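Counting in numbering that gives the first Met the number 0, the sequence shown runs from 0 upward without gaps.
A virtual CB, placed ideally from N, CA and C, is assigned to each residue, including glycine.
On a predicted model such as this, the values are computed, not experimentally measured, just so you know.
Report on one structure; see the data block that follows.
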Amino acid sequence: MDDEYRREYEPWAALDSSLDAVLRRHPRAREMLRLGAVQAVWAQAVGATVARAAQPVRLLGETLVVGVSSPAWGQTLTGQRHKILAQLERACPEAEVTALRVELRPPGAEPPSQEPLNPTRRRRWPAGPSREELSRTTLSAAVRARIEASAAQFEDTDVRLRHLNVLVRHYQRLAWYERHNWRYSQRWGRWLP
0 MDDEYRREYE PWAALDSSLD AVLRRHPRAR EMLRLGAVQA VWAQAVGATV
50 ARAAQPVRLL GETLVVGVSS PAWGQTLTGQ RHKILAQLER ACPEAEVTAL
100 RVELRPPGAE PPSQEPLNPT RRRRWPAGPS REELSRTTLS AAVRARIEAS
150 AAQFEDTDVR LRHLNVLVRH YQRLAWYERH NWRYSQRWGR WLP
């Protein structure tokens, strides 16, 4: 009887229980509500001047990440972080903010996504040569002589053999790239077809 009465005459009680259900199902929802609460009292807590140059961007657990418009503002907020945290605690205790992190973020910049990168949007680099392909790559006599001369400087046999192996693989890879018309991209810092 009490539940029916509450549902019929207290509609806010039903809404309150629905919000609790949503918050339990979506772990980031509670964090977003906490961030919204901080953003609502930010100007009041830090003052209008600071609020124009710095905005709360996201919450990472109990750490509030604040985007600032310049490095000077970042240094100022870092120096005053204890005062700002105390003001936020007084203005918005439900946010449970215990630490402050400052990031340089130009005005109007989008906050970074909380979601992991979409693998379909990630750049797919072409596959290079396999070990079998590299082992079948032959080196010219001049390159082999250069490798042997370089390895001859080491007296220790183990070090000399390791040096030889590294250089042989390196020159085999270069020969494979040249044979398959790949070029080295300064922009990407890697070989591309």
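query	result
ARG27 burial status per 10 Å Cβ neighbour count (16 or more: buried)	exposed
Environment of ARG178 [buried if 16+ CB atoms lie within 10 Å]	exposed
Whole runs of the alpha helix (DSSP H) within the region 39–93, excluding any shorter than 4 residues	47–52, 70–78 and 80–90
Close-in-space but distant-in-sequence residues of the same chain around TRP181 (CB under 6 Å, 5 per side omitted)	TRP190 and PRO192
Integer Cβ distance of PRO70 from LEU103, believed to fall under 8 Å	6 Å
Beta-carbon gap between GLY66 and GLN54 smaller than 7 Å	yes
Assigned secondary structure, GLU177 (DSSP; H/G/I helix, E/B strand, else coil)	helix
Distance between beta carbons of ARG33 and ALA85, contact taken as under 8 Å	Actually they do not touch by this definition, with Cβ atoms about 18 Å apart.
Beta-carbon proximity check, HIS169 vs ALA150, cutoff 7 Å	no
Closest by C-alpha distance to ALA141, when choosing among ARG159, PHE153, GLU131 and ALA174	ALA174
Cutoff 7 Å; reference GLY73; Cβ partners in own chain excluding five residues on either side	VAL67, VAL101 and LEU103
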